[in-house]
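Chains as they are written, first to last, in our numbering: chain A, 77 to 555; chain B, -2 to 503.
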């Protein structure tokens, strides 16, 4: 089995004059890439070439001239699990700061110039990594690359208090909007703390606390940039309507000349075990229970388990199980809880895969007037059934077919393809992993799903978080 | 940049390290500022900036959206087809031009309830069997109403198109409307309506619609209705709505993806060959009058102790068929349609009051709404509202900058290209065009109108459609903190409404 974590590029001394781009097209793929992304139902490949710049930066190219658009997608291998103590939310705050400008690109001009050329961008931060993408017309590719090279080269040392303060306020409002003023939004703030032990890299939410965001300093920003925003810690994808030869010239000149300090050391699990199917179990030793009050009309139950990390044995099986449990009206939990027993308003299960470990999360909204205790008991009965008996062939086929469709349909967008190439590159070291990823689902048997359910869905090693409507006393002047 | 750079060199280790790697020379220095004296190390010996000057961007070739082939289907149906064989994937949308604007008075939500029931058992399958069959094919089928239309959408891999299309035919032309299913669906719907009231953005949208058009206007209630209106709707109401709205001479099928005209024709005749045209006259296609006002005014919805307020400025806009609509999207883009728009730059990047501010133009069959809005930290609600009003006022009075004129032209092209990536997105976009009475070549002609709009035209539209004195303010936030300050802003006739838009007695 491949390590979920990155393949580490060889660190070469940054010899400026001698940057080479060596194509190793399809190194892991004996077949020549097809002319278009996927031409029949079972073809889920995304053709690409991969190379490494002299400073260790990974470059992945995917040409497709179907639509006049081009995407640049850069992943830096740093996320919230890399944050120093008392600096929760910093990786994401830093992501915002990446747009605050340099000497070549004054504050606000990154976006102004890009949008002026018909481009747009966004970025996202997870526990494990930070992704930036830019989309534009083919003629804008040099500008997109130039803007990305500029900030990777120079942004950190030019950080100022004013830039930091501006984005800190924005991020605190992001937290208010997406977590605090949103029904059930507090779950994502609390669940990581309950599911992973204190000190575990996944113990805190990606968005962080107001207190830690307020404490962040300009020096923190400079240090974070110097440590993690290194070309050897980045991989860049260009996808869409462009000429690889022209792109390579720009990449060599603009990115290949950025100095490296080498690949920074991934702190990993910080000594905590990762849950796997064979050896280590979860760090939870009992059912952790908590109840939150929120401005909601209907109560909700959230159950969560630590589960095998992305691409490890058990990970795909849990995707299949989640589908058997909650996709469609004929799924087990929907049929039992929503359709037959009328205890739940909705139910949803998902395997949220991470590099150090994953979490399997099951959420059910309680029907108006129904008992939350009865709903919990009914869920437990279905989970016991999932641990006792294998899924049927019909259930497994249904889950697989849904996954097959999503593997094809996700190939429609150039940006989605760029993001997938970078996801596979950073999470399993092989941008061409789509076929092997897909094969996990066709290979998994009912017995594999059952074995995984038995190992992971332990009723005595989980979090049970309830969200209930505010009581009269906490509502204050509400009614 | 100069001072920042000089300061950094004086402080930082990083630049020295970079330099010793032989790496990135620091950015080119500007003409020496006064205190360069303190750091004489800079400049003449530095190699040229490896990045060079900012690349110029040539104007991209115009993008011409593909035009659908239009032809007649069985029993008076109309078919729009865009073939695309790059992926083995097909998206189909079947729609009729009757939506929530045709809900009977006091029964807001009938169109959407009827749409909800269409996949709750159809043809030979009950609700569970139908869902299982769709999932087994790896397909998706969705049903739903808008204000002007109702649609059923299918996405499926090519290899399963035939069986999936047969189910689509059942859902469109043979839904069961069973009594037990109705009871269950109504209960779920009523709970969704309860949940809606605790979602602040959703609340602002509902209240804006109700307060803008008023309860007697066809657009004056939310598509999904309210808890109260839902209680007045019977299964017979939903069935009657379905029977009147869903008839082949009103249905438009939009298919996009890996399917040929011959294949589609054969699928259509199998699925819809038996869908007979009723003898009754077709229902009227509703094109309501513009909202009457009065303006300006303000509406407050209480959300006690909320950490943020939703603020919105809402006003009458344009209809889909208005010749100004394509160009108006550019006017909107500069005000609140993208990251660098005026509102987002002011409320988010300048002041940090918000995670983002935006504006949008909704152009339905009748005159729709133009909305500008943001979620802002509660303590800055009034500051943010004043800034937004002032930004909009300045914009309507002075129009676009030359830069904005150029930027929005590029953005319009980019938007259109991205809209043509996913088959489902394209099918949905073309289905909407068809339902709004727009011709099959609308996307191409609208694109030309957007592209060729002059600054004079855009400025005129900004003045006409973004004048804040002809608008209504909606705020969802803590009444205890906001009622007084809103009154002090001059909104003396402040309306207090609940989360469904009903007036609250004071």
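Each residue gets a CB set at the ideal place from its N, CA and C atoms; glycine is no exception.
Query: Residue range of the beta strand (DSSP E) that includes residue 424 (chain A); Result: 420 to 428
Query: Own chain partners of residue 205 (chain A) with C-beta closer than 6 Å, once the 5 adjacent residues on each side are dropped; Result: 151, 153, 155 and 502
Query: Bridge partners - residue 376 (chain A), DSSP secondary structure assignment; Result: A:441 and A:543
Query: Enclosing beta strand (DSSP E) for residue 433 (chain B) [first to last residue]; Result: Taken as a continuous stretch (DSSP letters only), residue 433 (chain B) belongs to no beta strand (DSSP E), as it is neither H nor E.
Query: Local Cβ density within 10 Å of residue 68 (chain B), reported as buried at 16 or more and exposed below that; Result: exposed
Query: Cβ of residue 80 (chain B) within 7 Å of any chain A Cβ; Result: no
Query: Which listed residue (B:118, B:138, B:233 and B:169) has its alpha carbon closest to that of residue 268 (chain B); Result: B:169
Query: Distance CB(residue 312 (chain B))-CB(residue 367 (chain B)) smaller than 7 Å; Result: yes
Query: Every unbroken alpha helix (DSSP H) within the segment 219 to 251 of chain A, with a cutoff of 4 residues, ordered by chain; Result: 237 to 251
Query: CA-to-CA distance, residue 306 (chain B) to residue 281 (chain A), given in whole angstroms; Result: 24 Å
Query: Option in A:165, A:173, A:189 and A:195 with minimal Cα separation from residue 203 (chain A); Result: A:165
Query: Burial state of residue 198 (chain A), where buried means 16 or more other Cβ atoms lie within 10 Å; Result: exposed
Query: Test: residue 253 (chain A) CB closer than 7 Å to a CB of chain B; Result: yes
Query: Chain A contact residues for residue 60 (chain B), given Cβ-Cβ distances below 8 Å; Result: 144
Query: Element boundaries [beta strand (DSSP E), containing residue 303 (chain A)]; Result: Per DSSP, residue 303 (chain A) belongs to no beta strand (DSSP E); it is in the alpha helix (DSSP H), 294 to 304.
Query: Reference residue 79 (chain B); option with closest CA among B:65, B:70 and B:88; Result: B:65
Query: 4 or more residues per run - each alpha helix (DSSP H) lying fully within the segment 307 to 378 of chain A; Result: 320 to 326
Query: Extent of the continuous alpha helix (DSSP H) to which residue 362 (chain B) belongs; Result: No alpha helix (DSSP H) contains residue 362 (chain B), which DSSP labels as neither H nor E.
Query: Chain A within 7 Å of residue 494 (chain B), Cβ atoms only; Result: no
Query: C-alpha gap between residue 387 (chain B) and residue 466 (chain B), whole angstroms; Result: 11 Å
Query: The ligand SAH heavy atom lying under 6 Å from the CB of residue 406 (chain B); Result: The ligand SAH is not among the ligands present in this structure, which contains no ligands whatsoever.
Query: Cβ-Cβ distance between residue 437 (chain A) and residue 363 (chain A) below 7 Å; Result: no
Query: Bridge partner(s) assigned by DSSP for residue 312 (chain B); Result: B:367
Query: Nearest candidate by alpha-carbon position, reference residue 315 (chain B), set B:285, B:399, B:154 and B:336; Result: B:285
Query: Touching by the beta-carbon criterion (3+ pairs, under 8 Å), the segment 347 to 357 of chain B and the segment 488 to 496 of chain B; Result: no
Query: Short CB-CB distance (under 7 Å) between residue 135 (chain B) and chain A; Result: yes
Query: Near-chain B residues of the segment 411 to 444 of chain A (beta-carbon distance less than 9 Å), N- to C-terminal order; Result: 411, 414, 415, 418, 421, 422, 441, 443 and 444
Query: Exposed unless 16 or more other CB atoms sit within 10 angstroms - verdict on residue 501 (chain B); Result: exposed
Query: Strand pairing of residue 239 (chain B), partner residues [DSSP]; Result: Answer is none; residue 239 (chain B) lacks a bridge partner.
Query: Where residue 174 (chain A) falls, given that 16 or more other Cβ within 10 Å makes a residue buried; Result: buried
Query: Beta carbon proximity, residue 411 (chain B) to chain A, threshold 7 Å; Result: yes
Query: Close-in-space but distant-in-sequence residues of the same chain around residue 496 (chain A) (CB under 8 Å, 5 per side omitted); Result: 122, 486 and 510
Query: Nonlocal neighbours in the same chain, by C-beta distance under 8 Å from residue 115 (chain A), ignoring five residues either side; Result: Note on residue 115 (chain A): pLDDT 48, under 50, position unreliable in the model; the coordinate value appears next. So no residue of the chain qualifies.
Query: Terminal residues of the alpha helix (DSSP H) in which residue 270 (chain A) lies; Result: 263 to 271
Query: Beta-ladder partner(s) of residue 210 (chain A), from DSSP; Result: A:148 and A:197
Query: Proximal chain B residues relative to residue 488 (chain A), where beta-carbon distance stays under 8 Å; Result: 84, 86, 418, 419 and 420
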